[in-house]
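Chains as they are written, first to last, in our numbering: chain A, 9 to 612; chain B, 9 to 612.
The beta-carbon is built from N, C-alpha and C at its ideal position, and this holds for glycine as well.
Number of protein chains: 2
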Amino acid sequence: MIWILHQHFLGPCTHYIMRSYFIISSIIACTSLSSVHAVKVNPLPAPVSITWGTSGPITVSNNVALKGTDNQVVRGAWDRAWKTITTLRWVPAVVDGPVPKFDPFPSTSAKIRRTNGVSSINVKIASSNDDLQHGVDESYTISVEARSSTIDVTSKTIWGALHAFTTLQQIIISDGRNGLLIEQPVSVKDAPLYPFRAVMLDSGRNFLSLKKIYEQLDGLALSKLNVLHWHLLDSQSWPVEIKAYPQMTKDAYSTREVYSHDDIRAIIAYARARGIRVIPEVDMPGHASSGWKQIDEAIVTCENSWWSNDNWPQHTAVEPNPGQLDIINPATYTAVSQVYNELSALFTDNFFHVGGDEVHDNCFKFSTYITKWFAADKSRNFNDLLQYWVDKSFPIFLSSAHIKRNRKIILWEDVILAPSHASKVPTKNVILQSWNNGLTNIKNLTSRGYDVIVSSADFFYLDCGHGGWVSNDPRYNVQANPDPSTPNFNYGAGGGSWCAPYKTWQRIYDYDFTTNLTTAEKKHVIGATAPLWAEQVDDAVVSTKLWPRAAALAELLWSGNRDKQGKKRVSEFTARILNFREYLLANGVLAAPLVSSPWLVKRD
Amino acid sequence: MIWILHQHFLGPCTHYIMRSYFIISSIIACTSLSSVHAVKVNPLPAPVSITWGTSGPITVSNNVALKGTDNQVVRGAWDRAWKTITTLRWVPAVVDGPVPKFDPFPSTSAKIRRTNGVSSINVKIASSNDDLQHGVDESYTISVEARSSTIDVTSKTIWGALHAFTTLQQIIISDGRNGLLIEQPVSVKDAPLYPFRAVMLDSGRNFLSLKKIYEQLDGLALSKLNVLHWHLLDSQSWPVEIKAYPQMTKDAYSTREVYSHDDIRAIIAYARARGIRVIPEVDMPGHASSGWKQIDEAIVTCENSWWSNDNWPQHTAVEPNPGQLDIINPATYTAVSQVYNELSALFTDNFFHVGGDEVHDNCFKFSTYITKWFAADKSRNFNDLLQYWVDKSFPIFLSSAHIKRNRKIILWEDVILAPSHASKVPTKNVILQSWNNGLTNIKNLTSRGYDVIVSSADFFYLDCGHGGWVSNDPRYNVQANPDPSTPNFNYGAGGGSWCAPYKTWQRIYDYDFTTNLTTAEKKHVIGATAPLWAEQVDDAVVSTKLWPRAAALAELLWSGNRDKQGKKRVSEFTARILNFREYLLANGVLAAPLVSSPWLVKRD
């Protein structure tokens, strides 16, 4: 039962297409002729350069030996990739070549030119010791020539080689009779547009099991995303073992919902083996009560206050539970230093996210330390208070020992852009994550010399569009549309989701987040993160809310959203993401469906 | 990172509450004092009448024998219920009694008064032979007295007894030391407000596996929903084995994505064992091309047309694939009769849904039969054409043989309310399903004497709010808000979801769908169905999109959304649905999270 509003596209050039069962293939035939006869299988993210030959399919033997390197990370990655290739024997779920010309099924397999076939992969890595840190070279090349018995891969680092393997996973497919093939000789030259390509998981609002975190890391690796921004905790819970303060996990949801140091090491190792960095976030001084209050009630303020969503001028938080670190109490900085340094020793990445998100003035009014501090000098305001936090905490976060390991700290843009904000935040070793006002804030921050991670809520927030999570909200109690002419709370609008609408993959893919920047400003954009806030996310939905939408971000950050002519390539990408959704499922990543199945290649 | 907009409720009376970790319990203490000291565990749907004693907990032995009936359906249901009770040893995830007074954990278990305990359940059924058909009596009573060794259950039919068991499943809980208890003596007198309580699954846009359909049936049974409206197929695919026309399943998505007669019998049996009716839908004459065209291309019109969403005045469908049955071609009725009669013999329910949804005039213009028919009499219009369909098809659907088995047919309201519609549709043996214009259409149809199933899209469509499914929609390509003052396509509004916003459980629960009806009109509302259309639904998301939201519909239809004082009881229901979500998970139904976990009782 589908009503017409908002359902008026594919665009006229697809007119003849619907006669074909293979909608996607025909869309491409129409919107991107150049690709039709060249590309058939369609890896995601699209490589910067991929050139297919025409001499016909190349068979791949059932045993392809790794040569040219004995690096254990590379060997482990190839073993996984090869196991996947031989187990899945993938047949693309959507193809963007004319369908009659692409049909690797038994009926036509006789057509396949038999060769001796590819029996080895030769991997040349220029520098195998480069660590997995920000800016490490991720480029790679793949060359498969007609009648060749080897796949040649080159990369500057082992991390580039890993990306080559995830590309090959999508290129080596079934020959339709339990064998494998590469459709044509192929040459790939590839490297990412941005060095920072992330999704954010939130294990503070709801716990996420290790199993589900591993599943997300599998999805990141397949789509060449290279950072997990792990929002470890929030005011609602403290699920992280801290040996200096074991009592902090009293504020975990249960004893079974705690990440031990070993758990965290296991996640970092699993991610690293797949070329993914894990960056922890401890949000301070806001969003802080659980855990901290177990150390010392006096370093947390307002945690027992009513958050006053019913009396907004008095609000102490934007959702339960309230609580912020007491900026004036000296004991706060002892605790912050202990927690930060312990986690810095545990997490191997040079980056550390120290929060800075959504500090609420009213919360501080519950602190006698802060009240006295204001009383002592009537000229002080909340900006001064936040500057005090910056001046006291940054020397902890950026101590000489940390600088020696190239520590950079990430903060949410609020620290400098919120109504109450610090006045002097250094640009050196500081990266700001922008989530408000889209292009405007990105311009504002980069023009002031800050390195920026783009997380514009209007484009990249994957949790949006599922209504509010404040339970008994009477605004839903409306029986008829009060104003049919304009979208309103319950009709046509967000329905309680503050960042409605739901961000579709098209919306994510279409975001040109540097469009209004100068060349100098563009250099300050290091990449982007798609956050999945977890008020309404736990193991049950984390995968389907993240995938396949995060793959749209992955291609946007890897090779962009435009074709060689500079035109948006959403139609072409449609084939890739619909195929990739099925590929994620086949690889055990529970991705959500985007369209009804006629869009997919019909199976036996 | 949560912004303030739309986040301003629990209501002032919860002011003191947030000091408690147990938000829900305190909300109730505030909004529904009457219930605090009486009710603690909180079954969903809330019984019409449940009265708790005060003499203290009643132990339940680890073996409770069924007595009073040897009915196999009842025995099977009790065996399942008892297995669940003893396996889960449920501890409510949310309680609405003051928490210190409800703590069935080891530390306090000594408090529990030891009795000999309940060791049997005595079930008295007045009439064990009443079939599971529309209107069958579903009432039941439960009585558990202090020091009693038995649970007494009475019901008019076996189907009422099944409901008693699902209530007991939620009332018999852990005593905190591996035993079981009922908190207090309790008396339940219960019966549903509406006889028709349904969800709709769509296996035409995307296939649903038997396993996932069983999982949904488990959820229906636990929430006392009693009908699965099975939208078997649509223009996109024909997944149903038809022995008269085996070629129809050539239009299944694959040979593995077909429901055989045995599969369908198995689903009906599984549902029946849980008191759930299965009503098939074959949508005709619209939404019809797959399957039908395999019988005879000439009985389907416009299936090869472009659907013209880019030129709406010419549209032949609201989404791919186009196709409608040819109303004038006599061969159409032979095929319709064969398919309908074969499925009528397979499905055991007296009701059959024959569609009637969204017929598009333009599609008929592709038929030479219809073109000639119009040419033959210039006075004919599309209303006459649809009347022709009604006059020719209803005698098939409501033949004397079918009337003998009390056949009633369900149609979407379009057959009488769409721009092109039949003029004379009988009210006898016809039920109309209303999905447009909320209260207005319900009033319109009931005032004209039609029995109505409420499926208002603004309240009950569970698929809404996830954007469009037409892939390459350029309307998403917008870099900044063109009109911050008003919600628009990409900002604050639906983002391509024609029926945005996402329908939250609060929205569903709050819908007073008979509020504007006369007493006579109210009698024509037999119940409601929450549809889950499947353009973006398959096994990966069907459970999380359906649950726990369908449980809000379940209570709305079982005992309503108001307390004894006539006040909306959304706050009180919050405790129930948050607990029930966890209970669904515990029972293997993958329900989505609604809030962050502090709302739940903290576990060891």
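Closer than 7 Å by beta-carbon distance: list the chain A residues that pair up with Y484/B, in chain order. For Y484/B, the chain A residues whose C-beta falls within less than 7 Å of its own C-beta are T512, Q514, R515 and D518, listed in chain order.
Any chance you could list the alpha helix (DSSP H) runs of at least 4 consecutive residues sitting entirely within the segment 464 to 491 of chain B, in chain order? Taken in chain order, the complete alpha helix (DSSP H) segments of 4 residues or longer contained in the segment 464 to 491 of chain B are 465 to 468.
Among G168/A, R285/A and R155/A, the one whose alpha carbon lies nearest that of S136/A: Among G168/A, R285/A and R155/A, the Cα nearest to that of S136/A belongs to G168/A.
Closer than 7 Å by beta-carbon distance: list the chain B residues that pair up with E543/A, in chain order. The answer, in chain order, is V603 and S604.
Where the segment 449 to 460 of chain A meets chain B: residues whose CB sits under 9 Å from a CB there: So the list is empty, because no residue satisfies the distance condition.
S245/B touches chain A at which residues, Cβ-Cβ below 9 Å? Chain A residues near S245/B: S604, S605 and P606.
Would you mind stating whether V194/A and I129/A have Cβ atoms separated by less than 7 Å? Taking 7 Å as the Cβ cut-off, V194/A and I129/A do not qualify as a contacting pair.
Return the CA-CA distance between H295/B and V308/B, expressed in angstroms with no decimal places. In this structure, the straight-line span from the alpha carbon of H295/B to that of V308/B is close to 10 Å.
Taking buried to mean at least 16 other C-beta atoms within 10 Å of its own C-beta, is Q615/B buried or exposed? Coverage of chain B is limited to positions 9 through 612, which leaves residue 615/B absent and any answer about it impossible.
Do you know whose CA, among I150/A, A536/A, T342/A and E366/A, lies nearest Q332/A's CA? Checked all of I150/A, A536/A, T342/A and E366/A; the closest Cα to Q332/A is E366/A.
Cβ-based burial, T95/A [other Cβ within 10 Å; buried from 16]: By the neighbour-count rule (16 or more Cβ atoms within 10 Å), T95/A is not buried but exposed.
Tell me where the alpha helix (DSSP H) around S168/A begins and ends. According to the sequence provided, residue 168/A is Gly. The question's Ser does not apply to it. Per DSSP, G168/A belongs to the alpha helix (DSSP H) from I166 to I179.
Completely contained beta strand (DSSP E) runs for the segment 390 to 420 of chain A, where each covers 3 or more residues: Counting whole runs of 3 or more residues, the segment 390 to 420 of chain A contains the beta strand (DSSP E) stretches 416 to 420.
For the segment 196 to 211 of chain B against the segment 71 to 86 of chain B, are there 3 or more C-beta pairs whose distance is under 8 Å? No: fewer than three Cβ pairs fall under 8 Å.
Spell out whether any CB of chain A is found under 7 Å from the CB atom of H368/B. Contacts with chain A at 7 Å (Cβ-Cβ) do not include H368/B.
Assuming M208/A contacts A538/A (C-beta within less than 8 Å), just tell me the rounded distance between them. By a beta-carbon distance limit of 8 Å, M208/A contacts A538/A. Their separation comes to about 7 Å.
Consult DSSP for F110/B and reduce its assignment to one of helix, strand or coil. Unreliable placement is indicated for F110/B, whose pLDDT of 45 sits below 50; no coordinate value is reported for it.
Going by CA-CA distance only, name the one from Y591/A, Q573/A and N569/A that's closest to F581/A. Of the candidates Y591/A, Q573/A and N569/A, the one whose C-alpha sits nearest the C-alpha of F581/A is N569/A.
Against R213/A, what residues of chain B qualify as contacts under a CB-to-CB distance less than 8 Å, listed in chain order? Neighbourhood of R213/A in chain B, by CB distance below 8 Å: S604 and S605, in chain order.
Please confirm whether V126/A and T77/A have their CB atoms less than 7 Å apart. Contact: no.
Proximal chain A residues relative to A599/B, where beta-carbon distance stays under 9 Å: Here the neighbours are A548.
Say the cut is 6 Å; is the CB of P492/A nearer than that to a heavy atom of the ligand MG? Within the structure as shown, the ligand MG is missing, as the structure has no ligands at all.
What separation, rounded to the nearest whole angstrom, lies between the Cα atoms of I335/A and W397/A? C-alpha separation (whole angstroms): 6 Å.
Chain B within 7 Å of V609/A, Cβ atoms only: With 7 Å as the cut-off, V609/A does not count as an interface residue toward chain B.
Applying the criterion that 16 or more other CB atoms from any shown protein chain within 10 Å of the CB defines a buried residue, is I303/B buried or exposed? Around the beta carbon of I303/B, 16 or more other beta carbons lie within 10 angstroms, which makes this residue buried.
Closest to K432/A by CA distance: which of R413/A, T67/A, F374/A and G457/A is it? Among R413/A, T67/A, F374/A and G457/A, the Cα nearest to that of K432/A belongs to G457/A.
For D270/B, decide whether its Cβ has a neighbour in chain E, counting only Cβ atoms nearer than 7 Å. Looking at the structure shown, chain E is missing, and the protein chains on hand are A and B.
Is there at least one Cβ from chain B nearer than 7 Å to A560/A's Cβ? It does not: the Cβ of A560/A has no partner Cβ on chain B nearer than 7 Å.
Under a CB-based cut-off of 7 Å, is V207/A close to chain B? With a threshold of 7 Å between beta carbons, V207/A makes no contact with chain B.
Considering only DSSP beta bridges, list what S128/A is partnered with. According to the DSSP secondary-structure assignment, S128/A is paired through a beta bridge with A73/A and T158/A.
Does the segment 80 to 95 of chain B come close enough to the segment 271 to 290 of chain B to have 3 or more Cβ pairs within less than 8 Å? Output reads yes: the segment 271 to 290 of chain B touches the segment 80 to 95 of chain B.
Starting from the beta carbon of D466/A, find every residue of chain B whose beta carbon is closer than 9 Å, and list them in chain order. The answer, in chain order, is A488, N489, N498 and Y499.
Boundaries (first-last residue) of the beta strand (DSSP E) holding I272/B: From DSSP, I272/B is part of no beta strand (DSSP E) but of the alpha helix (DSSP H) over H269 to R280.
Tell me the DSSP secondary structure of V321/A in three-state form. Before going further, note that residue 321/A is Pro rather than Val in the sequence given. Of the three classes helix, strand and coil, the one that applies to P321/A here is helix, per DSSP.
Going by Cα to Cα distance, which pick from L394/B, T376/B, W314/B and V248/B is closest to P293/B? The candidate whose alpha carbon is nearest that of P293/B is L394/B.
Have a look at Q178/A, L453/A and N445/A and flag the residue whose alpha-carbon is nearest the alpha-carbon of F467/A. Selected option, being the one with the closest Cα: N445/A.
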